[in-house]
Amino acid sequence: MTSKTRKLLVLDLDETLIHATENTLDHEEDFRVGPYRVHLRPHLPEFLASVLAQFRVGVWTASGESYAAQVVERIFPGGTLEFVWSSKRCTTTRNWTTGEYQTIKNLQKLKSRGYSLESIIAVDDTPAKYARSYGNLVTVREFVGDRSDAELPLLAAYLAHLVDVPNVRSVEKRNWREHVQRLANTPAPKD
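So the sequence shown is numbered by the numbering used here: it starts at 299 and just counts up by one.
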């Protein structure tokens with residue numbers, strides 16, 4: 299599969315791949331960015347190696363541009379990302395029921411750059427960020443620095459399942475962990 303035919307995987311940073319806090323946790327941070335102590339989600343290097351081999355990968359965070367660039371520089375191999383988008387690329391919308399404003403990541407912005415919505419998978423811990431694109435979203439549990447977290451190996455297994463799906467929007471993703479468990483418990487076919 300050539301890089302141009304690969305699906306696009308859009309990864310969030312905070313509480314998805316890392317946890318950044320000004321507070322001290324019960325273990326050392328992996329690195330610092332400004333006042334933030336950054337903790338990598340367990341199994342991150344293996345997860346990134348897996349997805350970078352199978353997908354075109356971009357980062358879209360609601361954080362600031364400088365912060366995002368510094369984090370990306372520390373966790374991704376150079377030259378491997380399609381793009382790094384920050385809060386400047388997010389859209390602010392108003393929830394007319396509550397009157398509150400919310401920030402969303404509008405995948406139409408990627409469609410206008412030539413990416414097909416049927417071939418974009420977004421991974422985020424905050425479903426509301428993709429309120430207009432639930433069909434593209436794989437929601438992960440919020441990561442807050444727990445060193446026993448095991449979300450990324452499961453996610454890598456699930457994403458591998460989506461590599462050859464013609465239209466990712468047609469796949470039900472809400473119970474993706476159970477799907478991975480079923481796949482793991484299915485006996486391999488006998489030769």
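Just so it is clear, CB atoms sit at the ideal spot from N, CA and C, and this is done for glycine as well.
Given residue i, which residues of its chain have a CB within under 8 angstroms of its CB, disregarding the five upstream and five downstream residues?
{"i": "Y428", "result": "I402, K403, L405, A420, D422, N434, L435"}
{"i": "P333", "result": "E320"}
{"i": "R430", "result": "I402, N404, L405, Q406"}
Would residue i and residue j be called neighbours here (beta carbons separated by less than 8 angstroms)?
{"i": "T378", "j": "L350", "result": "yes"}
{"i": "E416", "j": "V466", "result": "yes"}
{"i": "S364", "j": "D312", "result": "no"}
{"i": "L306", "j": "G356", "result": "yes"}
{"i": "V481", "j": "F345", "result": "One point to set straight first is that residue 481 is Leu, not Val, in the sequence displayed. Result no, Cβ atoms of L481 and F345 do not sit closer than 8 angstroms."}
Can you give me the start and stop residues for the beta strand (DSSP E) that residue i sits inside?
{"i": "A420", "result": "418-422"}
{"i": "H317", "result": "316-319"}
{"i": "V382", "result": "379-383"}
{"i": "H337", "result": "334-338"}
Since residue i and residue j should fall inside the 8 angstroms C-beta cutoff, what is the C-beta to C-beta distance between them, to a whole number of angstroms?
{"i": "T319", "j": "R335", "result": "6 angstroms"}
{"i": "V370", "j": "V331", "result": "With 8 angstroms as the limit, V370 and V331 do not qualify as a contact, their Cβ atoms being about 10 angstroms apart."}
{"i": "G450", "j": "H341", "result": "Sequence check: residue 450 is Leu here, not Gly. Yes, they are in contact, since the Cβ atoms of L450 and H341 sit about 4 angstroms apart, within 8 angstroms."}
{"i": "D310", "j": "T359", "result": "6 angstroms"}
Cutting at 6 angstroms between CB atoms, please list the residues of its own chain near residue i, excluding the five before and the five after it.
{"i": "V463", "result": "V469"}
{"i": "A455", "result": "V478"}
{"i": "T437", "result": "P425"}
{"i": "Q352", "result": "V461"}
Tell me which residues share the same chain as residue i and place their Cβ nearer than 7 angstroms to its Cβ, disregarding the 5 neighbours each side in the sequence.
{"i": "M299", "result": "Any reading at M299 must be qualified, since the residue scores a pLDDT of 49, below 50, and its modelled position is unreliable; no value is offered."}
{"i": "D447", "result": "R339, P340, F441"}
From which residue to which residue does the alpha helix (DSSP H) around residue i run?
{"i": "E344", "result": "342-352"}
{"i": "L306", "result": "That residue, L306, is in no alpha helix (DSSP H); its beta strand (DSSP E) goes 306-309."}
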